[in-house]
Every structure is written in C-alpha cells, then in structure tokens.
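Residue numbers (mature numbering (1 follows the signal peptide of the UniProt record, and there is no 0)): -19 to -1, 1 to 789.
What follows is a single structure, written as structure tokens, with notes after it.
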Amino acid sequence: MRLKILLLIVIVSGTFVLAQNQSRNVITLSDNWKFTKGDVQGAEKADFVTKGWQTVSVPHDWAIYGPFDKEVDKQTVRIVQNQEKEATEKTGRTGSLPHIGVGWYRTTFDLPELEKGKKVLLQFDGAMSNARVFVNGNEVGCRPYGYSYFYFDISQHLVPGKNTLAVRLENPGKASRWYPGAGIYRKVQLIVKDEVCFQHWGTFVTTPYVDGGVAKVNIKSKVNGKDLSIKTIIKDAAGKIIAEKVSSERYGDEVEQNIAVKNPELWSPDTPVLYSVEMQLYQNNELKDVQVIPFGIRTISYGPDKGFELNGKTTKFKGVCLHHDLGPLGAAVNIAALKRQLTILKDMGCNAIRSAHNMPSHEQLELCDEMGFLFLAESFDEWAKPKVKNGYNLYFNEWAEKDVINLVRATRNHPCIVMWSSGNEVPDQHGSIGVKRAKWLQDIFHREDPTRPVTVGMDQVNAVMKSGFGAIMDIPGLNYRVHLYEEAYERFPQGFLLGSETASTVSSRGVYKFPVEIAKGKQYADGQCSSYDFEYCSWSNLPDDDFVLQDDKDWVIGEFVWTGFDYLGEPTPYDTYWPSRSSYFGICDLAGLPKDRYYLYRSRWNTKEETLHILPHWNWEGREGETTPVFVYTSYSKAELFINGKSQGIQSKSDESKQHRYRLMWMDVKYEPGTVKVVAYDKDGNPAAEKEIKTAGKPHHLELVADREMIKADGNDLSFVTVSVVDEDGNICPTASHQLSFKVSGKGTYRAACNGDATSLEMFHMPTMKAFSGKLVVLVQSQKEAGDIKLKVSAKGLQSEEIVIKSL
Ligand code: GAL
C-alpha cells in the first residue's frame, strides 16, 4: 500500500510542531494569548495591535482574580425555586467576582500554505459567554451558551504564514444562578486534516451485545469523500491489537462496521478498562485521515424491577452533583484539579457524577472513563421560561437543538456517560408547552443517541405528575421532595425513580453550633453553618432522609447529592448576608477538604474500607461542663465512646429515628478537655477498630502534606498542599485562624490558596491567606522545566515549614 507522505509544518504561537506521516494534526492553542477586559473598537481586525493587553494562557478565567465585591451582580429578586415569598437583595449569588462585561482574547498561529484539499477546524470546548470568533478579521461564527462545545471550519479564512484569531466574549448580569466564570475557560484546538476525512464528531462506537464471552462493537462513521475504505483496528488496554476490519460499504455518508471482541473485559466503576479504535480512512489506497477513539465495553439498561443495570448487575447511583468551577481556580479547566476531586470522591465510595447544570468538560469525562465513574451529563438549567432574566431562556428556541447535538456528538463515545439530562428544575415543568418541550428535547437526544435514556431533574413534582411531563421522561428524576417519592412512583409509568438531586444539607468545615438541633434555613451571626449535619433548606432534607429511601425502596435507583464540593456563588442560607460568596452545600469545602459529612457518605458508600470518624473537634474552652454532643460516622453498627477514659455508653444504629439509623450519637456528653475515644464493635461484639481525638494545645508549628509529591513539568500540573496549624505534638488546632504566607521557589510557581471559608474575601491568587478551622490548601504549579519546587509557609508566632515537590 502506498502512503502519501504529507508534510505539514505548523507554527503555533512561536512553537514548531512538525508532523510527518500524519494525515491529521491537532494543535492546542494554549500559550501566548493576549487578553483585555472591556470592549475595544477594532480588536477583531487582523492588524490590530494588542498594546497593553495582558499575556495569558488558555484555559483562562478573567474573573477569579477578583476582587470580591458585593455590588457585582447584586440582585433584588424573589428566588421562586427556593420558595421565597418576597424579593430580597442577593449579594453573593454569582460569587461576587467581576465576571460581568466584555473580554477580548487574541492569539496568532502560523500555518504554511495549506495543500489543496486541506481543511482546518477551530474548536472551542467552551467560552463564557456569547462568543464571537474572528479569524483574520472575518467573523467565522458565534455561540451564545457558555457551556456549549462548538467548532467552525475556518479553512477559507486562512492565509499562508501568520493568522490571527480574536474572540469577543460578553457576560451579561443576571444570567446565572451560580458563578459562571468568565473567559476562554476550556481548551481551544485547531484540527488540520484533509477534505476527505472522518466528519467531526461523526463516529459513534457502541457495544450493543455483550454476552457469552464476546462483545459486538458497532462503529458508525460519517465520512466525507468518494471511493473510501476504512481500516479499523481495535486495541486492548495494553495497546495490543485484538481485532481488525476493512470496510467500504456506504449507507449515505456513513460506513458501519461490526467487530467482535472475544473475552472482553467490561468497563465499570470498579474495572474502568478502556479499549481503543484506531481508524484509518483511505481513498484509492491513499491514507487520508486517522482517528483514535477510546471506548469501553459495557451494557446499560433500566427497568422497573432491576433499576439501573450495568453489565447485567443492578447498580445504585451513589452520586454527587458538581458545578464546573474548581474553587480557587475558578472555571478554568485544570486536569490535576479535576483528578484530585475524583480521587477524593472515589475514596468516599462515590460512583457517579452529575454535571450540574450544563455540559461537562472533556477532561472531566476522560478522567471519569479512566478512573471509573458513571456520568449523568446535563445540558440546561433553563428552557424557554426564565429563572434568571438573562439566562438561557433568551437562546432556547434558536439554540437548544444545536447545543444538544454538540453535547451528544462530542461526548457519546465515553463509556462513563450512562444518562443524559435535558434540564434541571426548568420552570417549563408548569404548563402544556413545557410538556411538548420535554418531549421535543428527549426526541433529539434519542435521535442523536438511541443507546442512553434521558432525565430531567424535576422539583415541581405535583405539576409533572398531573401534566404528563414526568411520564414522558425515560428516567423520572426527582430533586428533593422525599415526601412525594411514593406517590410519584405510583403515578409515573416507569416503575422506578432517580434521586436526581438530593440532600442540600449545609455545613462549614470544622464549625459546630449549639444547641445541636435539626433546623431549616438556620443562620448565625458569623455566616457559617453547623457541621453536625442537621441543617438544610426549606426545599431540601438531611442525608438520612435519602438514605432511608435508597435502602428501603428497590425502585429508587440511586441519588446525586447536592453537592460533592462547595462552589462559588449560591451561598444559601446566606443569600442576603454579605460577605458570604460561596456555597455551604458541599460534602467537601471549596478547597476540597472533606467536611464531616464526607464520612457519613463514606460510611455507607465505601463498602471496601472501614470508616470511623468522630465529631466535633475537642477544643471547647469555655464550654466545660456543657452539653456537647459527640457523633460518630462509621461503617460499624455499634461503638462505645470514652471521654478521658470514662465510658459514655454504647450506641448502636437503630430505627429510633432516621438519624439513629445512620449515625451513632451521644447527645448528653459534657465537655471536658482531654481525649475522646471511640471503640467500634463488630457483629460478634468484639472491639474491631478505635479512633481518638484530643484537645489540642497551643498552636506551635505548621504541617504540610501534598496530595502529590511528584508532578509533571508541563506548566499546568498542580500539587495541592494541605497546611495545618498544629500543636507541639502534632494535634491539629481546630480553631486556628493564623494569617499564613506562601513562598514558592525553584521550578514552580505559587498558583492559589483556599481555606474553604465561604465568607472570606481574601483573593485566591495572593500569596497570603488565613487558616480556617486550622487548615487551608496551597496550590503549587509546575513550570515547563523539570526540577525541585519548594513551598515555604510561614506565620507570625509559628515555626515555618517547607515542602519540596518534584517536577519531572
Ligand atoms: C436545587 C437546584 C440547584 C441548587 C440547589 C440548592 O433546587 O437544582 O441548582 O440551587 O437547589 O439547594
């Protein structure tokens, strides 16, 4: 076979990328972008000079550098979904970061004269928002929705040599219910290929039959060009070729292949085995295009008796909802930060993620494939009826179908995705037009992907039971409303329900309030919520209320807790309290540090390892002799508590209340400083595990622990260093709030810090921050050069500490 050698030289922002023997070249435009905030006349023009503009790399979030300001997006509104009766002034709703307004980005890339018949696509994984894209001064297209993936064929606008790319973004106020981020916050790529090619996002790999030691892999590929044949090679996880096929039969513009894989290793959260298809496209024996697509072999099905079956096994969703921001990094995508989140969630026993309430990043999906998470990929928080004045309602009629098409086509080969969501708590749940919209959208999803079901997170349960809206959905998803689960199950025809959003319990890491009592919407003068995990919202509930349904009802197929991590914006119950600017809902705080609730979920979800966790901390100077309840979140069903060696009795999980079923609680403990010890007993009543916490002495020094001590020298990788204020013996000082300072030297840079305090107005990128409840996290970033990176943390009155991270 004669392969034509295509020589393609691409210079991207000063970097030479020389690709030989390649029929397609994918170039990520990440470095040397110029950015400015505010509108600039003529900034789209090819010869525009970016004098005074900042140099940035993409992904980039222009608003995360602050400052926090109460006036940003201040809104006097009644939040209908939150059952508010009257309008009040909301300050931190969208995070109080300066994301509103216009931002311009420009970069250049050099292309040699394109060979005749070459094609160049320009792809954005997301740009916040209202993107207008210009190549050499020509507007090549626009995309209003900031979460949508989109691309343009820019071939006709290119010139040999230097080309300019300019992007104008504009975020209106009152357009979001959380911090949306600002800027080109996901990657941008050029795809250079032949006109005879695989169509972009045009290949769909599925595994319709997996049985008796063989899997049928079905590959449908849309192609451009005549007289084509496709050679498809399937490789296993080790890269070994296990099957090959050459096909040329066409059905319109599509080639369909069916290939058997013998003794397949099935993809699941416990065994995330990935295969890949390498596809070569030939025209008269000349290689024209190559694509490689990772995929997993797995089956999914849903039904009344079985619930959700993965590979024929009923599997409940132990899931969390995640907003797209990465705390101190804002919305800018970073693989290390995403991976850290998933690592933390994996240890909790979580097996599923819902991308609330929009399209996930490709990086997150790739990680979920590799690390083993089921994925519920959502599209919209609004349809045609508004929740916020300038929200997606402005674009729904014109763009919804296009946005769904791109979501599905760009991501449908990810084995992790097991369900789509066409919306979250859309006000269109009311009224007959909404029912039609629900069907219209679901049909689009089915047309684009007949293999996965569709849900909507429904909170207007009474309305959707009556109107037929709920009956339409493949998967009826209920947001909260635990009291309506039974009735909805009876009235919906599907025979099962999903807790598409659950709990919305609120807490601040390391903060405990007394007396300890179950309360809705409770507020305190310090703007914090109690970590006894007894506080929730008027529309929501405690984790235990969901656990009961998950455990007792076979027809409840799982839950997605609101949320896995705190996020910027929506500081309920402090929407009207300044300076609250980020959420309290997270199982982990904004810095990614687990709150106590983490261990409550872990005690149920992580069935492989034991959990034994004591709360609260034991530094209560001034509370001597006062009632200070002790809770233990544990995978054991029975334990004994000792305060300074004195038994406080044995507690067993019981049916006394929902909370007693899942937590061990000693409500009458009187505080005295010293040691709290818990001894857990196994089924036979023998001591099986124990844990101890102590009253910490005076803050003495700092302890630094990195999540990864070796990172990649790629200029993007991050090490997350948890800094704790400890006493002389190394006990964490749980109330310490020292002002800490950070200095990074060697082959890395200081990137950001975060302490998880929702009321902090300190900026993440400044090299100083207060500890919150004794801790914070420092993010250290690699450079492109390998070597040691040293982080030094110091504070007045404390011994400073250093840690060395290796960048390789
Ligand atoms: C839900 C909504 C989420 C979030 C949450 C807070 O109703 O879907 O986006 O607002 O409430 O409890």
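Glycine residues also receive a C-beta, built at the ideal position from the N, C-alpha and C atoms.
In this text, all values refer to a predicted model and were calculated from it rather than measured experimentally.
Quick one: grab the DSSP three-state call for H598. coil
Are there any heavy atoms of ligand 1 lying less than 7 angstroms away from the beta-carbon of C518, as far as the coordinates show? yes
Assuming F477 contacts I538 (C-beta within less than 8 angstroms), just tell me the rounded distance between them. 5 angstroms
Taking one C-beta from the stretch 482 to 495 and one from the stretch 451 to 466 each time, how about it: are there three or more such pairs within less than 8 angstroms? Yes, the stretch 482 to 495 is in contact with the stretch 451 to 466.
What do you get for Q22, buried or exposed, if any count of 16 or more other CB atoms within 10 angstroms of its CB means buried? exposed
Quick one: is Y232 buried, meaning 16 or more other Cβ sit within 10 Å of its Cβ, or exposed? Counting Cβ neighbours within 10 Å, Y232 comes out exposed, since fewer than 16 surround it.
Proximity winner among V725, Y579, I281, K771, relative to L326 (alpha-carbon distances): Y579
Round the Cβ separation of P680 and H598 to the nearest angstrom and send it over; I've been treating them as touching at under 8 angstroms. Incorrect: roughly 14 angstroms between the Cβ atoms, too far for contact.
Say the cut is 7 angstroms; is the CB of A317 nearer than that to a heavy atom of ligand 1? No, ligand 1 has no heavy atom inside 7 angstroms of this Cβ.
Helix, strand or coil for L683 per DSSP? strand
Between which two residues does the beta strand (DSSP E) carrying Q64 extend? No beta strand (DSSP E) holds Q64; DSSP gives it neither H nor E.
Proximity to N587 [Cα-Cα], best of A163, T324, F515: When only C-alpha atoms are compared, the closest one is T324.
If you run the structure through DSSP and keep just helix, strand and coil, what is I568? Of the three classes helix, strand and coil, the one that applies to I568 here is coil, per DSSP.
L789, buried or exposed, once every other Cβ within 10 Å from all chains shown has been counted against 16: exposed
Could you tell me if K71 is buried or exposed, where buried requires 16 or more neighbouring beta carbons within 10 angstroms of its beta carbon? buried
How far does the alpha helix (DSSP H) with C349 in it extend, from its first residue to its last? Per DSSP, C349 belongs to the alpha helix (DSSP H) from 343 to 352.
Any heavy atom of ligand 1 within a distance shorter than 7 angstroms of the CB on T553? yes
Under 8 angstroms, do L645 and E782 count as touching if we go by C-beta distance? no
N2 to E259, Cα distance in whole Å? Residue placement at N2 cannot be trusted, given a pLDDT of 39 that sits under 50; what the coordinates show is reported in the next sentence. Taking the CA atoms as reference points, N2 sits about 15 angstroms from E259.
Could you give the residue range of the alpha helix (DSSP H) that holds E471? It spans 466 to 472 - the alpha helix (DSSP H) in which E471 sits, taken as one unbroken run.
Please confirm whether any heavy atom of ligand 1 lies closer than 7 angstroms to the CB of E482. yes
Start and end residues, beta strand (DSSP E) containing G768: 768 to 776
Cβ of G727 versus every heavy atom of ligand 1: is any distance shorter than 7 angstroms? No, Cβ of G727 sits at least 7 angstroms from all heavy atoms of ligand 1.
Touch check for the stretch 128 to 145 and the stretch 52 to 66: three-plus C-beta pairs under 8 angstroms? no
Going by the CB atoms, is the gap between G162 and D306 shorter than 8 angstroms? yes
I think L348 touches L319, with their Cβ atoms under 8 angstroms apart; what is that distance to the nearest whole Å? 6 angstroms
G778: buried (16+ other C-beta within 10 angstroms of its C-beta) or exposed? exposed
Helix, strand or coil at N2 [DSSP, three-state]: Note that N2 scores a pLDDT of 39, beneath 50, so its modelled location is shaky; the value from the coordinates is reported in the next line. Of the three classes helix, strand and coil, the one that applies to N2 here is coil, per DSSP.
Extent of the continuous beta strand (DSSP E) run through S638: Per DSSP, S638 lies in no beta strand (DSSP E) segment and is marked neither H nor E.
Determine the DSSP secondary structure at I316, reduced to helix, strand or coil. helix
Hey, is W543 close to ligand 1, as in C-beta under 7 angstroms from one of its heavy atoms? yes
For ligand 1, is there a heavy atom less than 7 angstroms away from the beta-carbon of H411? Not under cutoff, so the answer is no.
Since N144 is in the beta strand (DSSP E), which residue starts that stretch and which ends it? 142 to 152
State the beta-bridge partners of P275 as determined by DSSP. S257
Rounded separation between S129 and G491 - CA only: 37 angstroms
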